[in-house]
Structure formats: C-alpha cells, structure tokens
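Numbering (the working numbering), first residue to last: 24 to 421. Beta carbons are placed, not taken as given, at the ideal position from N, Cα and C, and that holds for glycine. In what follows, a structure is listed as structure tokens, so that the remarks can point back to it.
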C-alpha cells in the first residue's frame, strides 16, 4: 500500500477553528491511509499466534468493552508504558483485543505512538518498514490527535507518559512518568471519557536495565529513542537478534476506571487555563497510579509464572523456534515477504520441517541477526536507509 502524500500544517493551537477543521479533513486521508486491515488480521493469525505462546497474555475486564460516553467521539484508553524494552507489550495488547473482538475496529482502538517508532526502520520489528502504521498505529502529534478525535471508526489508545515512559529504567518500574496534558485537553474539548488500562509484568520483559541520557543521545542519531543498559545490552553486540529480544514475562492487561475529566472543573473548555489543565492531569495521574499499584499487587507477584511457561513450551514444541525470540526474525520477515509477493495473505508460513532453511534462503538478512558484531553492519545500514529525522521527544507533549 502506497501511503498518501504528506502535507504539513501549523500547530493546531496556532490555527483558527476554520483552519483547524480544514486541516483535519486533509489530514484524515494522510493518517487513515496507512492502515491495512487485511494485513492486521493476518499478523494476528500468522505472527501473534506464536507470540501468545511465549507471553501467555491475559486480558482482565476486556471481554465487554465500554460504550462511548459520546457516540460521535472515540473513547481514549490511557495505559502505562513498560520501561526499557521493545514495545512487545503494546503489540500483544492491540493484537489480543483485535482477536477477542473479531477485528471490529469500532470496538477496539488505534494507538497513538511516539513518532520515533515509525521514523526509523530499526524501531520497526525486524526492519519491516511502516509496520506500526500498517497495523493501525498513528504518530502522536497534536494534529493527528485532533484528527482522530474527529472520526468514529475506532477508539484511541494513548501512552501519556510518552517516550520518557519507555526509557524510565527498571529502578522506576511501575512509576508513571509525567503525563502529557494533551490527553486531558482532548478529553475535555470533545467531552469523551478516558478509560485507564494497565500492562502488568511488562517491566520484566527486560528487567534490571537502566537508562543514561548521554548514551540515549548517541543512539538518537540512528533513530533509536533510548538504549537500555543491562546484561542484554552487552550480549546484543555479539548477537544482534537480542536487540528485539524479550524474556517470557506473563503479560497481564487490566482494564481500570472511566474518568470524566470534563466534569472535574465547572468551566467551558475555552476558559480553562493551562495551569488548570495541569492540575486535572496531576489528579488523573495520581488516581491511575493508585489503580496500577493495586493491579501490580494482584497480578505482579509472579511476573514469569515459569511453570505455565514450560507447559506452553511443551505443548507447542513442534513450533520451535518460532514462538521464541530466536525465531522471530525469520517469522516476521517471511510473513512480510509473502504478504507482498502473493495475491492472497500468507497461511501456515512456518509449516514443514525444512521451512526455516527456506525462509533464510529467501530472507538472507535473517542471517545477520546471528552474526557476532559484523551482523550489525547490514542491519544498521538497512535500518537507517530512508529514515525520517525526528526529535527524541517529538510527540510526547502532543
């Protein structure tokens, strides 16, 4: 799918109401044009199937999704970020709910994601260009947020901590970083509810990893928003596949409360000051922090549940290595190749004893993930090709 041509606009707060309405209509074709529902369905069936074996996700309170408070406006789901890891938690959240609700986009959400995730191929799983946008993610910019609040096709998921939430370090696990005021501003302006949601145990995808601003600035140059400092950081020099690796944390998603921020102050939106928005933001964050603390206490005592993990491994041993991070470079790359090569979506792409060798034959980049040190040369070369320059925190205060 060829994305629509990109047009740039001033910040929404610098436009008049008429100018903003016109920009929103133009922008709809830009941000909605990437989403490929057929691609998303088949990612769930052919790729996320294996990730589910590994992470064993559980969804608490999502069997029946909440009705909209304002039928013409999407609900805003707000979730915590899992620190210092590739966003596997977000992948399992979105694909899991899609599957649970039969891909009815009116019932599930599209995520607003940090622009750095889509700007560089390195931050797309296994260098698959625009995969975040093809499965429904949207760059978290102010205009995109405004645009998505003016459509009815799906609700929204936002990570109000922004990139600082991903790079907060294991020493601040389960500590919500300062929220952007955008989530409060949009919910207030369009009189729609915020629904809290929490990923528990995602902090253990890459445990005991920490953050350095100096190191992060260095990696920003090649489009990586942060680089965790931990055991995997050293090992990934010798085995590049560890850049995307994850430990088998038991990912548990808990739906929380509904918040009506537009009822927290007795003023019309146009008269609310930034100071008042920040006060509402702080109240929302404090209440969500208390909710998350309770969810951690209930579901985070055994973050790996190794007995359950090894039973899942034993039950699916014939699917090795595709349900482990070792097999994911081949799994993702081959799915993407077949999807764009054939006239119909790929099916049973891992079936057959010699399939792994055939996958490598068709996708030689897979070999690079397992070559010590020198494997990084073709990976980085491919990863920075065509990269769009984005400021490290762009979109975090959208």
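Assuming contact is defined by CB atoms lying nearer than 9 Å, are residue i and residue j in contact in what I supplied?
{"i": "residue 156", "j": "residue 32", "result": "no"}
{"i": "residue 89", "j": "residue 98", "result": "yes"}
{"i": "residue 276", "j": "residue 82", "result": "yes"}
{"i": "residue 135", "j": "residue 72", "result": "no"}
{"i": "residue 307", "j": "residue 108", "result": "no"}
{"i": "residue 233", "j": "residue 192", "result": "yes"}
{"i": "residue 273", "j": "residue 331", "result": "yes"}
{"i": "residue 267", "j": "residue 351", "result": "yes"}
{"i": "residue 225", "j": "residue 316", "result": "no"}
{"i": "residue 271", "j": "residue 79", "result": "yes"}
{"i": "residue 199", "j": "residue 231", "result": "no"}
{"i": "residue 404", "j": "residue 246", "result": "no"}
By DSSP, does residue i sit in helix, in strand, or in coil?
{"i": "residue 347", "result": "coil"}
{"i": "residue 223", "result": "strand"}
{"i": "residue 281", "result": "strand"}
{"i": "residue 289", "result": "coil"}
{"i": "residue 333", "result": "helix"}
{"i": "residue 301", "result": "helix"}
{"i": "residue 406", "result": "helix"}
{"i": "residue 322", "result": "helix"}
{"i": "residue 78", "result": "helix"}
{"i": "residue 295", "result": "coil"}
{"i": "residue 39", "result": "coil"}
{"i": "residue 263", "result": "helix"}
Straight-line CA distance for residue i to residue j?
{"i": "residue 209", "j": "residue 163", "result": "13 Å"}
{"i": "residue 416", "j": "residue 338", "result": "With a pLDDT of 34 at residue 416, under the threshold of 50, the predicted position of this residue should be treated as unreliable, though the coordinate-derived value follows. Rounded to the nearest angstrom, the two C-alpha atoms are 43 Å apart."}
{"i": "residue 139", "j": "residue 159", "result": "16 Å"}
{"i": "residue 220", "j": "residue 103", "result": "7 Å"}
{"i": "residue 120", "j": "residue 278", "result": "12 Å"}
{"i": "residue 368", "j": "residue 356", "result": "14 Å"}
{"i": "residue 386", "j": "residue 345", "result": "15 Å"}
{"i": "residue 64", "j": "residue 48", "result": "27 Å"}
{"i": "residue 50", "j": "residue 349", "result": "39 Å"}
{"i": "residue 378", "j": "residue 372", "result": "8 Å"}
{"i": "residue 302", "j": "residue 201", "result": "12 Å"}
{"i": "residue 35", "j": "residue 43", "result": "6 Å"}
Please check the pair residue i and residue j, which I expect to be a contact at CB under 8 Å, by giving their CB distance rounded to whole angstroms.
{"i": "residue 46", "j": "residue 179", "result": "Residue 46 to residue 179, Cβ: 18 Å. No contact."}
{"i": "residue 190", "j": "residue 239", "result": "7 Å"}
{"i": "residue 161", "j": "residue 171", "result": "6 Å"}
{"i": "residue 397", "j": "residue 390", "result": "Actually they are not in contact, since the Cβ atoms of residue 397 and residue 390 sit about 11 Å apart, beyond 8 Å."}
Run the CB neighbour count on residue i, radius 10 Å, all protein chains shown included, and call it buried at 16 or more, exposed below.
{"i": "residue 133", "result": "buried"}
{"i": "residue 69", "result": "buried"}
{"i": "residue 418", "result": "Its pLDDT being 39, under 50, residue 418 is placed unreliably by the model, and nothing is read from it."}
{"i": "residue 144", "result": "buried"}
{"i": "residue 257", "result": "exposed"}
{"i": "residue 114", "result": "buried"}
{"i": "residue 216", "result": "buried"}
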